[in-house]
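Below you'll find the structure, written out as structure tokens, and then a few comments.
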Amino acid sequence: MLIASPAFAKKVRWKVAMTWSSTLTPLASPAPKLAKLVSDMTNGNFEIRVEGSEKHKAPLGILDMVKGGQYEMGHSASYYWKGKDVTMVFFTSVPFGMTAAEQYAWFYYGGGMELMKKNYDKFGVLSFPGGNTGVQMGGWFRKEIKTLDDLKGLKMRIPGLAGEVFAKLGVNVTNIPSGELYTSLDRGTIDALEWVGPGMDIKMGFHKIAPYYYAGWHEPASEMQFLINKKEYDKLPDDYKAILETAMKAVSADMYSENFDASATAWAQMKTEFPNIKVMTFPPEVLKAMKAASVEAYEAYAADNPAFKEVYESQKAYMAMAREWTKMSDYYYIQTSEMVE
Amino acid sequence: MLVRAEQIFNAINRIAGRILSVVLVLMVFNVFYDVIMRYFFHNSSVGMQEMEWHLFSVVILYGMSVALLDEGHVRVDFLYDRYRIKTKATINIIGTILFLLPLALLVFFGSLGFVRDAYEIKEISEDPGGLPFRWVIKGMIPLSFGFLIFSAIGYTIKNINLYRSDQGSDPELDRKFCGLGNQQDEGEGAK
Amino acid sequence: MTGIIMFFAALVMLTIGYPVAFTFGSVSIFFGIIAAVVELQSDATLILVSEEFFQMFSMMPFRIYTIMNNTILMAIPLFIYMGIILQKSDLAERLLEAMGALFGKIRGGVAVSTVLVGTLLAASTGVVGASVVAMGVISLPVMLKYGYSKRLSTGTICAAGTLGQIIPPSIVLIILGDVFQQPVGDLFQAAVWPGLALVVCYVIYILCVSFFNKDAAPPIPLDDDVTRSQNIKKALIAILPPLTLIVMVLGSIFAGIATPTESASVGSVGAMVLAAMYRKLSWRVIEESALETVKITAMVFAILIGATAFSMVFVYSGADYIVEDVLTNLPGQKWTFLLLSMAAIMLLGFFIDFIEISYIVVPILLPIVDIIGLNPLWFAILIAMNLQTSFLTPPFGFSLFYLKGVCPPEVRTTDLYRGVIPFIIIQALVLLSIVIFPEVYGFSQ
Ligand code: NA
Ligand code: NA
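Here the protein sequences come in this chain order: A, B and C.
Residue 1212 is where the first sequence starts when you use this note's numbering, and the numbers rise one by one after that.
Residue -1 is where the second sequence starts when you use this note's numbering, and the numbers rise one by one after that.
Residue 8 is where the third sequence starts when you use this note's numbering, and the numbers rise one by one after that.
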């Protein structure tokens, strides 16, 4: 008697647009998994149809389309809206920023969610974490970077804030459409590029044409976002809201694991097939300059953008605290266990 | 009066064509310049690279109107070729009103909000050194489709004049109106 | 279902003869309304339908904007401009005539040269519209001038211009790389031999047709006053400048100076320099060439914009789900699977563009490919060949529209339709040979 009959449950049909094509796993994994979870948890009454970029053909139009109501929901990454609002970069990842664990702690327990909401409010859009790539690699280089001078005139495809930082160091930042990246790197039209990490890089085949694989610095924990049109969200009954939010949290954690697995597996494969790939870290001199250029960029934005300043300071403060614990826990643990190897 | 109107439309179209020709040549040199700068001078500007597709957009968007009045759009012509001038003119008038105008109107009105969003938020390029004022290039969509609507009126008038002028079968007009690719007239003569 | 009816409606509307681009667009509008009604089913009030409809079409600016900043498509105007400059300065004619003369009394020389030039262009671009139109501008007038049949000329250009799709670099291969989760470089490598096999078959076909049908492709009349060796010498000298240009275009890619798209600008500037060297360059030539390029480019993009509305409604109406249903039930035996999947892709190629096909069809087929244990690279190349054909198949083959846009009026759409049929058959045969003899093309099974 007390069990709500499915016949009386509200039928809801949503569509979610992804920035990625529907085959670009693991980035394209959270949305379909979310759709399945939500449908299962509501007896099929809350239906979400997933559309990849091959369908809507507007990969970078997700925020506009969710705002405009063409889609109730989107799956993308905030830093794509850097041109609309530079503060958005903090909700994906920034150079020398937090690790995935630190950043998730900041989102859920350090005030990050509130700040993200505040900055998305003006679009009439709600936002939720939607998966993380973990540390992204610094990119594939055809030549070794030994000094700061090696960066001068280096032709590299590196978009966004990281590109801005590199540009300050004299890198020749070049825009190349992703379809022409392989040919361009192969032929030396560009000397270097950054993509994601082994899991996704392996499909692009860069490891076959560039010998140096540099460790990350610019996207230590790229967070994806689910975007939801606020009006549509408000129309949902409370139980559906709860189901949706739980499912989003579940699939975003899931993507982090999926990408970790993909990268670990792909790296093992690359290393076997191409034993000559050299994993490199940038020399301290270069790293120092990159750090200085990053901070300079943050301070410049913060100086005339209060919203930017607020999020920047929040992340800075949280990271200063959380990093101590990361060191004591993960960092020392890895050192400790390596000692006995 | 309609003949005069047609002349005005044609004149405007010629001016538009000239401007676009310049834009196209600029685009060619823009791309070439970027290649030279990157390779020989290790110096590329993201702004200049973005300028490439800005110019390219202007060419493809406004070019649609220029091509319309100059009969540059492709038709499936195995029936069309056999029609009399009057029938062709009728198809063009009805086609413009039923096919072209609704599409142009939909895109025109549908894209206003798209531009407004970019304007209100003062959207700029997301890349370092990229171009500001995204609303300007986005604004080319409604503006060019507005121009297409304008040209569609001109095209309709042109066809009304054609319909009226048709005194049975005039082979000269007929040839002129087979449409398309008049640039290769010399090829015909040689045959 | 709406999608299928839509296809036939578009077909009927197109035959009326109103420009293709706007016909596509308007057919999608009418079916967009129908799709909105179907979507809403029982509660389809006028207000709701129009809301749904406008919602659907408010996607158009996003799609147009994506086309606008797709810099790979910039290769289209750049190559067209290069082609028109070459044509207007008679350099293209000289190149093809000279190459034709090298073949001496052999019939079909210019057509064979066209295929060879098309192959080189294909190696520098992966955008079909670019090479088809450039070839149309460069070599169609020459072939018609020497009395080649319209069908053979147009068929050759369409087929040669579409080679860009299989000979790397290629957009189709890049997309298939994404869908198949295979490195693009591997696909590029795998496509080289199949692509060259196509070229060889085209050449053989042209030589055969010219030999058996004396009127199809007459030999270029040689200067009788001079000896054959002088003729050859003359030809070599004429070939040199345009060949330098092609070397510049390809060379700038291989030397890492320019991306494939940018190489077209090197070609355009190079063509202007060459024309200037031959004293054929004037402001008038530059301006006329630019204006023509603008019109032809706009023609190509109007079709792309019309087609994007068409595919938008096609997908919106759920036609892709029907396709999914059919394909999911394909049998798991190797040969039946291959036969049916290839037939399905070929059939879909009549309706929708290759991007849609790649993303709708391939993900459904992949698990089956896995189970049967087919080599994914090999299967991807089969699909790429198959998709290449879709550019040529009447009535919606884009290559046909593009070429028609630069044809002189006396060339009818039906000439093009008939002209490409032999080339479609050749493609099918080459495809079959890759299926039967994968080892020949370097695929391990
Ligand atoms: Na990245
Ligand atoms: Na190609």
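Where is the CB? At the ideal position from N, CA and C, for every residue including glycine.
Cβ pair serine 33 of chain C, glycine 1279 of chain A closer than 8 Å: The sequence position of residue 33 of chain C within the third sequence is 26, counting from 1. The sequence position of residue 1279 of chain A within the first sequence is 68, counting from 1. Taking 8 Å as the Cβ cut-off, serine 33 of chain C and glycine 1279 of chain A do not qualify as a contacting pair.
Beta-carbon proximity check, leucine 250 of chain C vs alanine 278 of chain C, cutoff 8 Å: Here residue 250 of chain C refers to the residue found at position 243 of the third sequence. Here residue 278 of chain C refers to the residue found at position 271 of the third sequence. Their beta carbons are not under 8 Å apart, which means leucine 250 of chain C does not touch alanine 278 of chain C by this criterion.
The stretch 1365 to 1383 of chain A / the stretch 1438 to 1456 of chain A touching (three or more Cβ pairs under 8 Å): Contact between the stretch 1365 to 1383 of chain A and the stretch 1438 to 1456 of chain A is absent, because fewer than three Cβ pairs lie under 8 Å.
Arginine 1260 of chain A - partner residues in DSSP beta bridges: The residue given as residue 1260 of chain A occupies position 49 in the first sequence. Per DSSP, the beta bridge partners of arginine 1260 of chain A are A:Lys1226.
Partner residues on chain A for phenylalanine 131 of chain B, Cβ-Cβ distance less than 8 Å: Taking the second sequence and counting its residues from 1, the one referred to as residue 131 of chain B is at position 133. One finds nothing in chain A with a Cβ atom closer than 8 Å to the Cβ of phenylalanine 131 of chain B; even the nearest lies about 11 Å away.
Leucine 373 of chain C to serine 1395 of chain A span [Cα, whole Å]: Taking the third sequence and counting its residues from 1, one reaches residue 373 of chain C at position 366. Taking the first sequence and counting its residues from 1, one reaches residue 1395 of chain A at position 184. Their backbone Cα atoms lie some 29 Å apart in a straight line.
Selected residue, minimal CA-CA separation from tyrosine 1425 of chain A, among A:Thr1492, A:Val1336, A:Ile1488, A:Gly1410: Taking the first residue of the first sequence as position 1, residue 1425 of chain A is located at position 214. Ranking A:Thr1492, A:Val1336, A:Ile1488, A:Gly1410 by Cα distance to tyrosine 1425 of chain A puts A:Thr1492 first.
Alanine 65 of chain B beta carbon less than 8 Å from that of methionine 306 of chain C: Residue numbering aside, residue 306 of chain C sits at position 299 when the third sequence is read from its first letter. Residue numbering aside, residue 65 of chain B sits at position 67 when the second sequence is read from its first letter. Cβ distance < 8 Å, so methionine 306 of chain C and alanine 65 of chain B count as in contact.
Of the listed residues A:Met1530, A:Thr1230, A:Ser1250, nearest to glutamate 1313 of chain A (C-alpha basis): Locating residue 1313 of chain A in the first sequence gives position 102, where the first residue counts as 1. For the residues A:Met1530, A:Thr1230, A:Ser1250, the minimum Cα distance to glutamate 1313 of chain A belongs to A:Met1530.
Contact list for tyrosine 1393 of chain A against chain C, beta-carbon separation under 7 Å: Within the first sequence, the letter at position 182 stands for residue 1393 of chain A. In chain order: Val191, Gly192.
Other residues of its chain near glycine 45 of chain B: CB distance less than 7 Å, five sequence neighbours each side excluded: Position 47 of the second sequence holds residue 45 of chain B. Here the set comprises Gly127, Gly128, Leu129.
Which listed residue (B:Ile92, B:Leu110, B:Glu48, B:Met25) has its alpha carbon closest to that of methionine 67 of chain C: Within the third sequence, the letter at position 60 stands for residue 67 of chain C. When only C-alpha atoms are compared, the closest one is B:Leu110.
Under the three-state DSSP convention, the category glutamate 184 of chain B falls into: Within the second sequence, residue 184 of chain B is the residue found at index 186, counting from 1. Reliability fails at glutamate 184 of chain B, whose pLDDT of 33 lies under 50, so the model's placement of it is uncertain and the value that follows must be treated cautiously. Correct three-state label for glutamate 184 of chain B: helix.
C-alpha gap between leucine 194 of chain C and glutamate 446 of chain C, whole angstroms: Along the third sequence, one-based indexing puts residue 194 of chain C at 187. Along the third sequence, one-based indexing puts residue 446 of chain C at 439. Roughly 16 Å between the two C-alpha positions.
Where methionine 1491 of chain A falls: helix, strand or coil (DSSP): Translated into positions along the first sequence, residue 1491 of chain A becomes position 280. Judged by DSSP in its simplified three-state form, methionine 1491 of chain A adopts strand.
Contact set between lysine 302 of chain C and chain B, taken where Cβ atoms lie within less than 7 Å: Within the third sequence, the letter at position 295 stands for residue 302 of chain C. From the beta-carbon of lysine 302 of chain C, the residues of chain B found nearer than 7 Å are Gly61, Val64, Ala65, Asp68, Gly70.
Contact residues within the stretch 61 to 76 of chain C, judged by C-beta distance below 9 Å to chain B: For the stretch 61 to 76 of chain C, the residues whose beta carbon sits under 9 Å from a beta carbon of chain B are, in order, Phe61, Phe64, Ser65, Met66, Met67, Pro68, Phe69, Ile71, Tyr72, Ile74, Met75, Asn76.
Continuous alpha helix (DSSP H) stretch holding histidine 52 of chain B: start and end: Stepping through the second sequence from its first residue, residue 52 of chain B is reached at position 54. Annotation for histidine 52 of chain B: the continuous alpha helix (DSSP H) segment containing it runs 44 to 67.
Other residues of its chain near phenylalanine 1302 of chain A: CB distance less than 6 Å, five sequence neighbours each side excluded: Taking the first sequence and counting its residues from 1, the one referred to as residue 1302 of chain A is at position 91. Answer for phenylalanine 1302 of chain A: Ser1289, Met1327, listed in chain order.
is_contact[glutamate 50 of chain B, chain C] using C-beta, thresh 8 Å: For the purposes of this step, residue 50 of chain B is identified with residue 52 of the second sequence, where counting begins at 1. For glutamate 50 of chain B, the nearest CB of chain C lies under 8 Å from its own CB, placing it at the interface with that chain.
Candidates A:Ala1500, A:Trp1225, A:Lys1414, A:Lys1460, of which the one nearest alanine 1477 of chain A by Cα: If you number the first sequence from 1, residue 1477 of chain A lands on position 266. Per the C-alpha coordinates, the member of A:Ala1500, A:Trp1225, A:Lys1414, A:Lys1460 positioned closest to alanine 1477 of chain A is A:Lys1414.
Serine 348 of chain C beta carbon less than 8 Å from that of valine 186 of chain C: Reading the third sequence from its first residue, position 179 is the one you call residue 186 of chain C. Reading the third sequence from its first residue, position 341 is the one you call residue 348 of chain C. No.
Closest by C-alpha distance to threonine 1537 of chain A, when choosing among A:Glu1469, A:Ala1311, A:Ala1403: The residue labelled residue 1537 of chain A in the question sits at position 326 within the first sequence. For threonine 1537 of chain A, the nearest C-alpha among the options comes from A:Ala1311.
Alpha-carbon to alpha-carbon, asparagine 336 of chain C and leucine 345 of chain C: Residue mapping note: residue 345 of chain C aligns to position 338 of the third sequence, counting from 1. Residue mapping note: residue 336 of chain C aligns to position 329 of the third sequence, counting from 1. Approximately 13 Å between the Cα atoms of the pair.
Range covered by the alpha helix (DSSP H) that runs through glycine 1272 of chain A: Taking the first residue of the first sequence as 1, we reach residue 1272 of chain A at position 61. Premise fails: glycine 1272 of chain A is in no alpha helix (DSSP H) and is neither H nor E.
Valine 1336 of chain A, enclosing beta strand (DSSP E) - first and last residue: In the first sequence, the residue the question calls residue 1336 of chain A occupies position 125. Valine 1336 of chain A -> beta strand (DSSP E) spans 1336 to 1343.
Check whether alanine 118 of chain C and leucine 159 of chain C have beta carbons under 8 Å apart: Here residue 118 of chain C is taken as the residue at index 111 of the third sequence, counted from 1. Here residue 159 of chain C is taken as the residue at index 152 of the third sequence, counted from 1. Alanine 118 of chain C is a Cβ neighbour of leucine 159 of chain C, given a cutoff of 8 Å.
Beta-carbon neighbours of phenylalanine 408 of chain C, restricted to chain A and to distances below 7 Å: Here the question's residue 408 of chain C lines up with position 401 in the third sequence. Those do not exist, as phenylalanine 408 of chain C stays about 20 Å from chain A at its closest Cβ, beyond 7 Å.
Contact between the stretch 371 to 387 of chain C and the stretch 422 to 430 of chain C (3+ Cβ pairs under 8 Å): Between the stretch 371 to 387 of chain C and the stretch 422 to 430 of chain C, the count of Cβ pairs shorter than 8 Å is below three; the stretches do not touch.
Positions along the stretch 1252 to 1269 of chain A whose CB lies within less than 8 Å of some CB in chain C: Those residues of the stretch 1252 to 1269 of chain A that come within reach of chain C (Cβ to Cβ, closer than 8 Å) are Gly1263, Glu1265, Lys1266, His1267, Lys1268, Ala1269.
Arginine 114 of chain C - containing beta strand (DSSP E), residue span: Numbered from 1 along the third sequence, position 107 holds the residue referred to as residue 114 of chain C. Judged by DSSP secondary structure, arginine 114 of chain C falls outside any beta strand (DSSP E); it is assigned neither H nor E.
From C:Gly107, C:Asp360, C:Pro416, residue whose alpha carbon lies closest to that of serine 406 of chain C: Counted from its first residue, the third sequence places residue 406 of chain C at position 399. For the residues C:Gly107, C:Asp360, C:Pro416, the minimum Cα distance to serine 406 of chain C belongs to C:Asp360.
Residue from A:Lys1366, A:Pro1431, A:Gly1390 with nearest C-alpha to glycine 1381 of chain A: Here the question's residue 1381 of chain A lines up with position 170 in the first sequence. Comparing Cα-Cα distances from glycine 1381 of chain A to each of A:Lys1366, A:Pro1431, A:Gly1390, the minimum goes to A:Lys1366.
Cα-Cα separation between glutamate 1549 of chain A and valine 1300 of chain A, rounded to whole angstroms: Taking the first residue of the first sequence as 1, we reach residue 1549 of chain A at position 338. Taking the first residue of the first sequence as 1, we reach residue 1300 of chain A at position 89. In a straight line, the C-alpha of glutamate 1549 of chain A is about 35 Å away from that of valine 1300 of chain A.
Beta carbon proximity, proline 126 of chain B to chain D, threshold 8 Å: Reference to chain D is not applicable here, since the protein chains of this structure are A, B and C.
Which of helix, strand or coil DSSP assigns to arginine 2 of chain B: Counted from its first residue, the second sequence places residue 2 of chain B at position 4. Helix, per DSSP.
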